[in-house]
Amino acid sequence: MPNSIRYHIIQNAISTPRIETYRKFFDGHSTEEIYGIYLWNKTLCGAIYPLLQACEVALRNAINAPAVERFGPYWYETISHTQYRGNDNYNYTNLVGNFERARDNVVKKLNKQLRSRGRRQLRRDHRPDFNLVVAATDFSTWEYALHTCHYRVNNNNYLWPKQTKKSFKNWPHQSSSDTQTELYDIVSELRPFRNRLSHHEPLWKGISVTTEEEALAYVNQKIDKIESLISIISDEKAKYLNVQKLLVKARYTASKDMLDRCRYRSKARQFSLKRKNKLKAFLRELSTSNTPKIIEFGGTKLLIEAL
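In this text, residue positions in the sequence shown follow numbering that gives the first Met the number 0: the first is 0, and each later residue adds one.
Pasting the structure below:
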């Protein structure tokens with residue numbers, strides 16, 4: 000960032016505690032570099048968000064569609080679960096609670112529309128189109144749905160494993176129990192990461208990550224988990240993300256190259272028209288690596304990406 004920027008004014012808009020989080024982690028950086036890293040994290044959140052959104056929608060539809068087919072709308076009221084005492088039963092009770100909050104929010108939204116038209120309002124216990132309710136649920140709903148309390152072999156009143164193959168076409172293990180465990184672990188790992196991303200917090204915050212290298216590795220591991228979950232649900236969805244290069248862009252944004260760009264430490268490969276062989280070799284490398292590269296041409300740094 001230009002030295003002419005008055006960072007103390009920007010800090011008041013961002014908040015001192017938030018910028019101090021970056022300053023403490025990235026020790027030895029100048030003020031300009033710290034604010035560049037702050038913007039890098041926001042860019043990183045923006046690059047990963049479409050992946051998480053696609054993952055959440057795919058997961059939601061993968062679980063809900065077969066459940067509606069088996070139990071009908073509002074299936075969470077019908078399914079059986081292994082009952083535990085006290086707090087041990089929270090995965091089932093939270094599943095129901097999430098759906099009920101979503102239903103209540105949908106009714107409130109519909110009533111607001113009805114009031115604006117001067118029409119009679121719906122009762123609080125009204126059961127709207129279940130698709131509206133499902134769309135209003137949060138990510139944790141599907142983590143609770145995947146818990147083992149909803150898993151019992153040879154009992155069709157449970158969600159799993161009866162619909163495992165329908166929900167997850169590329170299940171990774173021969174054992175449905177192992178598949179269930181892996182899916183639950185992935186989703187429960189992604190949920191807090193998604194929450195940090197939604198609030199544009201440092202994506203490694205709250206994790207025992209102490210170095211820059213560990214922070215980058217941690218974020219890339221989460222991108223891998225997102226890709227893995229989407230691939231388990233649908234090959235076509237995973238291919239679509241690759242066609243749109245969303246995964247490539249997210250991984251590049253989570254790279255040291257991109258971090259260095261944002262903190263003004265990037266090093267570019269220099270080219271001139273006089274060395275065409277070098278330029279051709281670079282373009283071949285660019286087309287095979289699927290990773291954007293920084294070059295310097297005529298004294299100007301450029302980010303080049305193969306389409």
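Even glycine gets a Cβ: it sits at the ideal position worked out from N, Cα and C.
Query                                                                                                                                                         : Result
Name, in chain order, the residues that DSSP records as bridge partners for Trp308.                                                                           : Since the first residue of the chain shown is 0 and the last is 306, residue 308 is not available in this structure.
Contact defined as beta carbons within less than 8 Å: I believe Ala144 pairs with Asn104. What is the distance between those atoms, to the nearest angstrom?  : About 19 Å separates the two Cβ atoms, so there is no contact after all.
Using the rule of at least 16 other Cβ atoms within 10 Å of the residue's Cβ for burial, across every protein chain shown, is Glu326 buried or exposed?       : Residue numbering for the chain in the displayed model covers 0 to 306; residue 326 lies beyond these limits and cannot be assessed.
According to DSSP, is Lys292 helix, strand or coil?                                                                                                           : strand
Quick check: is any heavy atom of the ligand COA less than 7 Å from the C-beta of Leu50?                                                                      : Summarising the ligand content, the structure contains no ligands, and the ligand COA is consequently not present.
Pull up the distance between the alpha-carbon of Lys108 and that of Leu240, whole angstroms please.                                                           : 33 Å
Whole-angstrom Cβ separation of Thr180 and Pro171, contact assumed at under 8 Å?                                                                              : In fact, because the Cβ distance is near 11 Å, the residues do not count as touching under 8 Å.
At 4 residues or longer, and completely inside the region 4-50: list those alpha helix (DSSP H) runs for me, N to C.                                          : 6-13, 15-24
Is the region 106-125 close to the region 36-53, with three or more CB pairs under 8 Å?                                                                       : no
Out of curiosity, what's the CA-to-CA distance linking Ser115 and His125?                                                                                     : 19 Å
Between Ile225 and Leu58, is the Cβ-Cβ spacing less than 8 Å?                                                                                                 : no
Once the 5 residues before and after Met0 are set aside, which same chain residues still bring their CB inside 7 Å of it?                                     : Legend: pLDDT at Met0 = 49, less than 50; position of this residue unreliable, value from coordinates given subsequently. Only Glu31, Tyr34, Gly35 meet the Cβ criterion.
Please check the pair Gln162 and Pro65, which I expect to be a contact at CB under 8 Å, by giving their CB distance rounded to whole angstroms.               : 4 Å
Hey, out of Lys238, Lys204, Ile47, Lys168, whose CA is closest to Ile232's CA?                                                                                : Lys168
Using DSSP with H/G/I as helix, E/B as strand and the rest coil, what is Thr178?                                                                              : helix
Assuming Asp259 is part of the alpha helix (DSSP H), what are its boundary residues?                                                                          : 255-261
Hey, how far is the Cα of Pro127 from the Cα of Ser79?                                                                                                        : 23 Å
Is Gly117 helix, strand or coil by DSSP?                                                                                                                      : coil
Take Lys165 and list the residues in its own chain whose beta-carbon comes closer than 6 Å to its own, dropping the five residues that flank it on each side. : Pro65
By how many angstroms is the C-alpha of Asn154 removed from the C-alpha of Thr20?                                                                             : 50 Å
First and last residue of the alpha helix (DSSP H) that includes Ile232?                                                                                      : 211-232
Check this for me: beta carbons of Asn63 and His146, under 8 Å apart or not?                                                                                  : no
In the DSSP assignment, find the alpha helix (DSSP H) that holds Lys248 and state where it starts and stops.                                                  : 245-252
Who are the near neighbours of Trp74 in its chain, counting only those whose CB is closer than 7 Å to its CB and skipping five residues on each side?         : Ala66, Val67
Could you compute how far the alpha carbon of Ile18 sits from the alpha carbon of Lys221?                                                                     : 24 Å
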